[in-house]
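In my numbering, the protein residues as written are 844 to 1049.
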């Protein structure tokens, strides 16, 4: 599984599509299409265009929250927020081979996601981020360490956890030392797509 995911950003379909294209041009291999409060037909058009773009670049394309849309357009999967229905329901709709990720904010969320057999867990936010309207309590590096420690105390296998929420390039080394698998990045890649290569260099593919 790729260790770097780009979460799309933009206030219009054109902005979103342009940002996704720039990320792909700069080597991103996994895009999560996220456009909150979008008009439905515009969102559908964006997701269709994103799927097409990602397939041209041989990159993964998943959709935030919308299981039904992910099925209709036949993208690679979906990312579910804490209030977006269960992974089991999504799995029934999408089938065994699609990627299903789930958000988590606490150790109990992480344990729930492990029980639901999520393919990966988006754990955060690391720090304040303006891209999310209803921000969960900030975890910080200490919070990630505590959650990893608690899983190890329970002798549980550490799942594929992605740090999310205000993640920057300089955070990579510490996050990987803690035991975090990957990162989902929005703002820094949107603002500076060429930084993708630096992210890839910084990440240890162990």
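No residue lacks a Cβ here, since even glycine has one placed at the ideal position from N, Cα and C. For clarity, every value in this text was computed on a predicted model and none was experimentally measured.
Rounded separation between residue i and residue j - CA only
i	j	result
residue 1016	residue 957	25 angstroms
residue 856	residue 921	19 angstroms
residue 860	residue 892	8 angstroms
residue 1025	residue 1012	12 angstroms
residue 1014	residue 937	33 angstroms
residue 931	residue 955	12 angstroms
residue 919	residue 862	19 angstroms
residue 1035	residue 867	12 angstroms
residue 1050	residue 996	Coverage of the chain is limited to positions 844 through 1049, which leaves residue 1050 absent and any answer about it impossible.
residue 853	residue 979	21 angstroms
residue 1008	residue 977	12 angstroms
residue 1038	residue 1031	8 angstroms
residue 1006	residue 1027	6 angstroms
residue 889	residue 998	43 angstroms
residue 871	residue 1041	11 angstroms
residue 953	residue 864	32 angstroms
Paired residues, beta bridge with residue i - DSSP
i	result
residue 940	DSSP output for residue 940 lists no bridge partner at all.
residue 873	903
residue 945	923 and 964
residue 1051	Any answer about residue 1051 is impossible in this case: the structure gives the chain only from 844 up to 1049.
residue 1027	848 and 1007
Burial state of residue i, where buried means 16 or more other Cβ atoms lie within 10 Å
i	result
residue 935	exposed
residue 882	exposed
residue 1049	Unreliable positioning characterises residue 1049 in this predicted model, as indicated by a pLDDT of 48, which lies under 50. A coordinate reading is not provided.
residue 1047	exposed
residue 948	buried
residue 879	exposed
residue 1044	exposed
residue 915	exposed
residue 960	exposed
Nonlocal neighbours in the same chain, by C-beta distance under 7 angstroms from residue i, ignoring five residues either side
i	result
residue 950	990 and 993
residue 933	910, 921, 923 and 943
residue 902	867, 871, 872, 873 and 874
Close-in-space but distant-in-sequence residues of the same chain around residue i (CB under 8 angstroms, 5 per side omitted)
i	result
residue 983	969 and 970
residue 1021	984, 987, 988 and 991
residue 1029	849, 850, 851, 852, 877, 972 and 974
Same chain only: Cβ atoms within 6 angstroms of residue i, ignoring 5 sequence neighbours per side
i	result
residue 869	1036, 1037 and 1039
residue 1019	1047
- Are at least three pairs of beta-carbons, each pair with one atom in the region 923-930 and one in the region 892-911, less than 8 angstroms apart? A contact exists between the region 923-930 and the region 892-911.
Is it the case that the region 935-945 contacts the region 885-899, given that we only count it when at least three CB pairs across the two stretches are under 8 angstroms?
Judged by Cβ distances under 8 angstroms, the region 885-899 makes no contact with the region 935-945, as fewer than three pairs qualify.
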